[in-house]
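To keep things clear, I will list the structure first and then write my remarks on it.
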Amino acid sequence: MENVLIATVLSFVVTYFSIPILIRVAELKHLYDEPDERKTHKQRIPTLGGIGFFSGFIIAATVCVPTLQNSPFQYMMAAFFIIFMVGMKDDIVGLSPLKKLIGQLVASFAIIYLGNLQITGMYGFLGITTLPSNISLMLTYFYFVVVINAFNLIDGVDGHAGSIGLLVSAVLGAYFLHVGEITYAVLGFALAGGLASFLIYNISPARIFMGDTGSLLIGLVNAVLVLKFIEVAGNPASKMPIGATPAVAIAILIVPLFDTLRVFSVRMLQGRSPFSADRNHIHHYLLDLRLDHRQTTLVSVSVNAVFIAGAYFLQGLGTTVLTIVVVGAATTFTGMLYLARKRKLTLKTATTIAQPAAQNAAAPKVLRVTTGGVLQDK
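Here it is as structure tokens:
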């Protein structure tokens, strides 16, 4: 408990005092996120915020994680550093999607092979228990890439990715603290403490953005925490076993995970790259419904929290049924947002067209008359 408390406070304090320095450096070096027609901000915003809570997180984790023999902690730290470097280079000079993907796979390799953390079974989903080793490996790599990018893709509104990352890491940190997995409890609360501090500067109106440096790190850390959660909570002999563990894990990540898989699927069905940009994310739907940044973030975090609580209380349904319920509820909610947004945009378009027509109808007609009669009716 002491380690966790120190990690939370230390990460918060280091991040809090790092951010103003990073804002100043970004301004001096002109490291900004430039506004465009797809983005929601209208002025240039510094993008180095991820360095701030990475510093707080790494220092807190290094100081507070207990030294254990054969611990995978050193390999996880190596993976976190790799993903940090990938994100920072992308923020400063830019990286192609392929190079970013390679960096993510290298970080995943460190955790899977060296950290020995892998999806080994489906816990009864569709009757499947143990997975063949090659399927297990491919599924684990796919899982890491999707979750890492999921937090990157929801980082489109002030405070959005940071708030959801805070919720997920705090929930998982609390679970690991309860079951005595101190290493993972420290990681969860160290990230939560850093994000809580970062959000002071990132809640709308944002003074700094986390950039890929921050969003990729949040994705990787939470991917590790969720995978460890499945391993521990899915063990009937653990201190707090949870039924339908994969379904509960999906619920924990529901907003970033479902949104990313949905958007990737839509883009590929349209013949586009899954990494191409558009305005099809859930936060875009909420913004188009005239919610501001704070309201959009509050709705997303609240929905994610409801899914977590609901999945926990419905764990008795079993993995297959609960997964269907969670995915079905997410699909229904997103569909309702889509229809509401479509109706709002249709009404807006109709109003925009009607206004010039009404103005033209109300304008007086001018008749140019000569001795030869009417020449033209304007």
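For the sequence shown, my numbering assigns the number 2 to the initial residue and increments by one for each residue that follows.
In this text, a Cβ means the ideal position worked out from N, Cα and C, and glycines have one as well.
This structure is a prediction, so every number in the text was calculated from the model and none was measured.
With three or more CB-CB distances shorter than 8 angstroms, the stretch 116-125 counts as touching the stretch 71-82.
Less than 8 angstroms separates the beta-carbon of G50 from that of G215. Judged by DSSP secondary structure, M123 falls within the beta strand (DSSP E) whose first and last residues are 122-126. Between K349 and the set A310, G317, R291, the nearest pair of CA atoms involves R291. In the three-state DSSP reduction, P257 falls in the helix class (H, G or I).
Distance from the CA of A341 to the CA of T335, rounded to the nearest whole angstrom, comes to 10 angstroms. From the listed residues P247, T48, T347, D293, the smallest Cα separation to V328 is found for P247. In this structure, the straight-line span from the alpha carbon of H282 to that of E182 is close to 35 angstroms. Secondary structure at T347: helix, using DSSP grouped into helix, strand and coil. The Cβ atoms of T9 and A191 sit closer than 8 angstroms to each other. Under the three-state reduction of DSSP output, P247 falls in the helix class. Beta-bridge partners assigned by DSSP to Y33: P47. In this structure, the CA atom of D92 is about 21 angstroms from the CA atom of S205.
With contacts defined by Cβ atoms closer than 8 angstroms, P47 and A27 form a contacting pair. Within the stretch 294-344, the runs of alpha helix (DSSP H) at least 4 residues long that lie entirely inside it are, in chain order, 294-314. Counting only the Cα atoms, L318 lies some 43 angstroms from M89. DSSP places I155 outside any alpha helix (DSSP H), giving it a letter other than H or E. Spatial neighbours of D156 in its own chain (CB-CB distance under 6 angstroms, excluding positions within 5 residues in sequence) are listed in chain order as A162, S216. Annotated as distal: R25 and E35, with beta-carbon spacing of 8 angstroms or more.
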